[in-house]
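Chains A and B supply the protein sequences, listed in that same order. Residues 1 to 314 (full-length UniProt numbering) make up the first sequence, in order. Residues 1 to 380 (full-length UniProt numbering) make up the second sequence, in order.
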Amino acid sequence: MTKPLSAPLDVGFDYTRSLGPTLGRFLTDLRRRKVTGIRGSDGRVHVPPLEYDPVTAERLTEFVDVASTGVVRGWSWIPEPLEGQPLDRPFAWALIQLDGADTSLLHAVDAGSPDRMSTGARVRVRWRADRVGAITDIECFELSDEPADEPVPADEVTMVTTPVHLHYTHSASPTEDPFLRGLMEGRLIAQRCPACSKVYFPPRPACPTDGVPTTEQIELSDRGTVTTFCVVNVPFLGQRIPPPYVSAYVLLDGADIPFLHLLLGVAPEDVRMGMRVEAVWKPREEWGPTMQNIDHFRPSGEPDAPFDSYSQHL
Amino acid sequence: MRPAAVVGTGQTHHAAKRLDVSMAGLCREAIDRAMADAGVDWPDIDAVVLGKAPDQFEGVMMPELFLADALGAVGKPLLRVHTAGSVGGSTGNVAASLVQSGVHNRVLAVAFEKQSESNAMWALSVPTPFTMPVHAGAGGYFAPHVRAYIRRAGAPEHVGTMVAAKDRRNGALNPYAHLKQPDITVESVRASTMLWDPIRYDETCPSSDGACAVVISAEPTSGPAAWIRATALRTEPTTFAGRDQVNPQAGRDAARALWKQAGITDPLSEVDAAEIYVPFSWFEPMWLENLGFTDVGQGWKLTEAGETEIGGRLPVNPSGGVLSSNPIGASGLLRFAEAAMQVMGTAGDHQVDGARVALGHAYGGGSQFFAMWVVGSEKP
Chain A
1 MTKPLSAPLD VGFDYTRSLG PTLGRFLTDL RRRKVTGIRG SDGRVHVPPL
51 EYDPVTAERL TEFVDVASTG VVRGWSWIPE PLEGQPLDRP FAWALIQLDG
101 ADTSLLHAVD AGSPDRMSTG ARVRVRWRAD RVGAITDIEC FELSDEPADE
151 PVPADEVTMV TTPVHLHYTH SASPTEDPFL RGLMEGRLIA QRCPACSKVY
201 FPPRPACPTD GVPTTEQIEL SDRGTVTTFC VVNVPFLGQR IPPPYVSAYV
251 LLDGADIPFL HLLLGVAPED VRMGMRVEAV WKPREEWGPT MQNIDHFRPS
301 GEPDAPFDSY SQHL
Chain B
1 MRPAAVVGTG QTHHAAKRLD VSMAGLCREA IDRAMADAGV DWPDIDAVVL
51 GKAPDQFEGV MMPELFLADA LGAVGKPLLR VHTAGSVGGS TGNVAASLVQ
101 SGVHNRVLAV AFEKQSESNA MWALSVPTPF TMPVHAGAGG YFAPHVRAYI
151 RRAGAPEHVG TMVAAKDRRN GALNPYAHLK QPDITVESVR ASTMLWDPIR
201 YDETCPSSDG ACAVVISAEP TSGPAAWIRA TALRTEPTTF AGRDQVNPQA
251 GRDAARALWK QAGITDPLSE VDAAEIYVPF SWFEPMWLEN LGFTDVGQGW
301 KLTEAGETEI GGRLPVNPSG GVLSSNPIGA SGLLRFAEAA MQVMGTAGDH
351 QVDGARVALG HAYGGGSQFF AMWVVGSEKP
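Here you go:
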């Protein structure tokens, strides 16, 4: 079997976080080159501060200043840092108990070599120069017996932005693969369920109704009927087609399930359920393994299909 | 199955952006109100069930992990429920089953969404390779099916605008609602921008930050109780050949099972108030039919006759519904909690007089997950 088609899929968003009183105080203080913990019901000082007590579940409010120096309680060496990690050179992830705290904080230690790391080693905060109110205001920890830099004034922090980026390789299924390779040749390949005889376009690995593999391939024409549609007037982040546009369910002749595609060549107010349409293909040299080879559908000029001919596909 | 009851409800003041609180703080606002309403404290809670819509909506994988302290779940069972937009309803049903089965005596159900931290429209429209990028969020998904309903039922255009105006006016009676528009009219809804034709701006739910919590107990606590008379969950695939997207089989099956379990033979006569998941106005008549309150094709007539107003034959969404507040993950549990509040007599200005039996309903995904319960003031 040939390797299925695959393509990169990058998903990213700059999420925001409203911090509330506890985390807001913690990050504001980091911006001021100061580390703050909170006292729990059992007397322990938690760093970072917890919003709610892990024993009683009550909201915690007694903030406690702790030192910017502490001791390594455990560590792991990272010889090859990954994207988004605190340092771009080998470093140690370490659990660090700051002086005055009863819990350990996870952060990076810029130790240079694993030979220099040890449980029990003394460390201090290396403060970032341009602090914004984030855990990365602590650039990292460094091995030292000396005190860290003194606190300075800074404005309050109530929000942070946390960009999240995921890089996927999106692979077509073995069923999708011949369908996509058909598209590269301008062919529309569907499959028929051996049990219910329904024709699926695009094909599925199995019939959703009968649960059996669909193996019989059928080639469909590029004409069909608009079952229903909407006119998208709303712009939104990540949109690929400028609004307004008509997003229509097209039921290809011979298929038993409609799919969404773009409808052009007609004013949105003139689009009708039952309208007969045909595919408008992109120039052949632009074809790839994608439904986007069909640039859009347009009215074919045939009379509308009767409602009964597609009403069971709504 | 032993009886179980909702003995306390709580919700946040829903808003477009609750920038004053963290996710944990948002949940606790609802939880603290529910526990105070029930007159219970943390040692009285045996287990916690959390519901939240897809993680991409806030970009936090498994928020139940970092929320365990805030949810009071340390040392107790904590479950997370996932059923897209219906998740709040499913969360209520799961919590109810833990009590009805005798596994736990008192369970806290919590659901939340902090929509301001992301962009749901983006999260629902990420273009995957090899496909046509015509997806346009939930509105773009549901608008063609709304059009199909209008055509099939022969419904007049103004029915959708009537639902929107009613739900927003009801929202103005609810101190927790995100949108309060006492002066909205059918004409002003009609004049609002067409977003996903045939769905207008004013016929669309807002994007909200909010949370909801309920305490479910085997025995009543200090105050009133809403006895859970029936629950139902049903699922179907997003697409299959011949699927009825207007009147999905899973919804019909869930409703049939629900009424049977509740001993209700004529829902329209026997139910006093309904909180139905209506994120786009036309889903009121669509779900009235799907739930069996009317025959197929007749739901819009109940709406048009004004029978779904407070004071009508079947008040639908006296709280203002999803059209007035939509913290997605919490929206289903809000329907369930508001139904409970009606039979507990604690709904305040949007109380339906004499409500003794009420429906809470939620749907999610591409109309493929259905969750519902019937609550009553009498112990079964």
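The beta-carbon is built from N, C-alpha and C at its ideal position, and this holds for glycine as well.
According to DSSP, what are the bridge partners of residue i?
| i | result |
| --- | --- |
| residue 141 of chain A | A:109 and A:125 |
| residue 299 of chain A | A:277 |
| residue 219 of chain A | A:189 |
| residue 7 of chain A | A:170 |
| residue 217 of chain B | B:5 and B:106 |
| residue 368 of chain B | Beta-bridge pairing links residue 368 of chain B to no other residue. |
| residue 159 of chain A | A:18 |
| residue 316 of chain B | B:274 |
| residue 229 of chain A | A:248 |
| residue 350 of chain B | Answer is none; residue 350 of chain B lacks a bridge partner. |
| residue 65 of chain A | A:36 |
| residue 96 of chain A | A:72 and A:105 |
| residue 230 of chain B | B:374 |
| residue 11 of chain B | B:212 |
| residue 362 of chain B | B:371 |
| residue 48 of chain B | B:78 and B:108 |
Out of the options, state which residue places its alpha-carbon closest to the alpha-carbon of residue i.
| i | options | result |
| --- | --- | --- |
| residue 269 of chain A | A:197, A:297, A:229 and A:181 | A:229 |
| residue 205 of chain A | A:46, A:309, A:176 and A:227 | A:176 |
| residue 183 of chain B | B:369, B:136, B:170 and B:7 | B:170 |
| residue 358 of chain B | B:344, B:136 and B:307 | B:344 |
| residue 70 of chain B | A:79, A:58 and A:63 | A:58 |
| residue 9 of chain A | A:115, A:267, A:172 and A:143 | A:172 |
| residue 7 of chain B | B:165, B:219, B:100 and B:211 | B:219 |
| residue 233 of chain B | B:144, B:290, B:109 and B:94 | B:94 |
| residue 156 of chain A | A:294, A:299, A:309 and A:22 | A:22 |
| residue 160 of chain A | A:310, A:25, A:3 and A:196 | A:25 |
| residue 231 of chain B | B:256, B:238 and B:173 | B:256 |
| residue 66 of chain A | A:100, A:78, A:74 and A:309 | A:100 |
| residue 162 of chain B | B:145, B:197, B:301 and B:173 | B:301 |
| residue 188 of chain A | A:255, A:198 and A:207 | A:255 |
| residue 208 of chain A | A:81, A:223 and A:192 | A:192 |
| residue 73 of chain B | B:63, B:57, B:268 and B:45 | B:45 |
| residue 35 of chain B | B:316, B:242, B:221 and B:271 | B:221 |
| residue 151 of chain A | A:126, A:260, A:19 and A:15 | A:126 |
| residue 296 of chain B | B:22, B:248, B:198 and B:305 | B:248 |
| residue 295 of chain A | A:287, A:301 and A:194 | A:287 |
| residue 302 of chain A | A:309, A:313, A:224 and A:262 | A:224 |
| residue 281 of chain B | B:67, B:26, B:205 and B:49 | B:205 |
| residue 325 of chain A | A:198, A:222, A:227 and A:231 | Since the first residue shown for chain A is 1 and the last is 314, residue 325 of chain A is missing from the structure and cannot be characterised. |
Just confirm the distance between the C-beta atoms of residue i and residue j, as a whole number of angstroms; I'd bet it's less than 8 Å.
| i | j | result |
| --- | --- | --- |
| residue 69 of chain A | residue 124 of chain A | 4 Å |
| residue 254 of chain B | residue 229 of chain B | No, residue 254 of chain B and residue 229 of chain B are not in contact; Cβ-Cβ is about 15 Å, not under 8 Å. |
| residue 47 of chain A | residue 35 of chain A | 6 Å |
| residue 129 of chain B | residue 7 of chain A | 4 Å |
| residue 328 of chain B | residue 85 of chain B | 6 Å |
| residue 75 of chain B | residue 111 of chain B | In fact, because the Cβ distance is near 22 Å, the residues do not count as touching under 8 Å. |
| residue 251 of chain A | residue 258 of chain A | 4 Å |
| residue 73 of chain A | residue 87 of chain A | Their Cβ separation, rounded to whole angstroms, is 20 Å, which puts residue 73 of chain A and residue 87 of chain A out of contact at 8 Å. |
| residue 233 of chain A | residue 242 of chain A | No, residue 233 of chain A and residue 242 of chain A are not in contact; Cβ-Cβ is about 11 Å, not under 8 Å. |
| residue 116 of chain B | residue 332 of chain B | Between residue 332 of chain B and residue 116 of chain B the Cβ distance is about 20 Å, and since that is not below 8 Å, they are no contact. |
| residue 76 of chain A | residue 92 of chain A | 7 Å |
| residue 40 of chain B | residue 147 of chain B | With a Cβ gap of about 47 Å, residue 40 of chain B and residue 147 of chain B do not count as contacting. |
Report the residue ranges of all alpha helix (DSSP H) runs contained in full by the region 58-141 of chain B; include only those spanning at least 4 residues, in chain order. Correct list: 63-66, 87-100 and 120-123.
Proximal residues, the region 143-154 of chain B versus chain A, C-beta separation under 9 Å: Of all residues in the region 143-154 of chain B, those with a C-beta nearer than 9 Å to a C-beta of chain A are 143, 144, 145, 146, 147, 148, 149, 151 and 152, reading in chain order.
Closer than 7 Å between beta carbons: that is the criterion. Which residues of the region 40-57 of chain B meet it against chain A? Within the region 40-57 of chain B, the qualifying residues are 42.
Beta carbons nearer than 9 Å to chain B: which residues of the region 46-73 of chain A have them? For the region 46-73 of chain A, the residues whose beta carbon sits under 9 Å from a beta carbon of chain B are, in order, 50, 51, 52, 53, 54, 55, 56, 57, 58 and 59.
At a CB distance below 7 Å, what residues from the region 15-33 of chain A approach chain B? Give them in sequence order. Listed by position, the residues of the region 15-33 of chain A near chain B (Cβ gap below 7 Å) are 15, 16, 17, 18, 19, 20 and 23.
What residues in the UniProt region "Disordered" (292-314) of chain A have a beta carbon less than 8 Å from any beta carbon of chain B? So the list reads 292, 294, 307, 311, 312, 313 and 314, given in the order they occur along the chain.
Contained beta strand (DSSP E) runs [length at least 3] in the region 176-223 of chain B, N- to C-terminal order: Annotation: the region 176-223 of chain B contains the following complete segments of the beta strand (DSSP E) (minimum length 3 residues), in chain order: 194-197 and 209-217.
Any residues in the region 232-248 of chain A with a beta carbon nearer than 7 Å to a beta carbon of chain B? Which ones, in chain order? The residues in question are 232, 233, 234, 236, 237, 238, 240, 241 and 247.
Contact list for the region 127-153 of chain A against chain B, Cβ threshold 8 Å: The residues in question: there are none.
Please list the residues of the UniProt domain "ChsH2 rubredoxin-like zinc ribbon" (182-214) of chain A that have a C-beta atom closer than 7 Å to any C-beta atom in chain B, keeping them in chain order. So the close ones are 198, 200, 208 and 209.
Between the UniProt domain "Thiolase C-terminal" (244-368) of chain B and chain A, which residues of the former have CB atoms less than 9 Å from a CB of the latter, in chain order? Going along the UniProt domain "Thiolase C-terminal" (244-368) of chain B in chain order, one finds 244, 245 and 246 with a Cβ nearer than 9 Å to chain A.
Check each residue of the region 60-86 of chain B: if its Cβ is closer than 7 Å to any Cβ of chain A, include it; give the result in chain order. Answer in chain order: 69, 70, 72 and 74.
Scan the region 121-141 of chain B for residues whose Cβ lies nearer than 8 Å to a Cβ of chain A and list them as they occur along the chain. Answer in chain order: 121, 122, 123, 125, 126, 127, 128, 129, 130, 131, 132, 133, 134, 135, 136, 137, 139 and 140.
Given a limit of 8 Å on CB to CB distance, which residues of the region 189-219 of chain B reach chain A? For the region 189-219 of chain B, the set of positions with a beta-carbon nearer than 8 Å to some beta-carbon of chain A reads 193, 194, 195, 196, 197, 198 and 199 in chain order.
Scan the region 169-184 of chain B for residues whose Cβ lies nearer than 7 Å to a Cβ of chain A and list them as they occur along the chain. Listed in sequence order: no entries.
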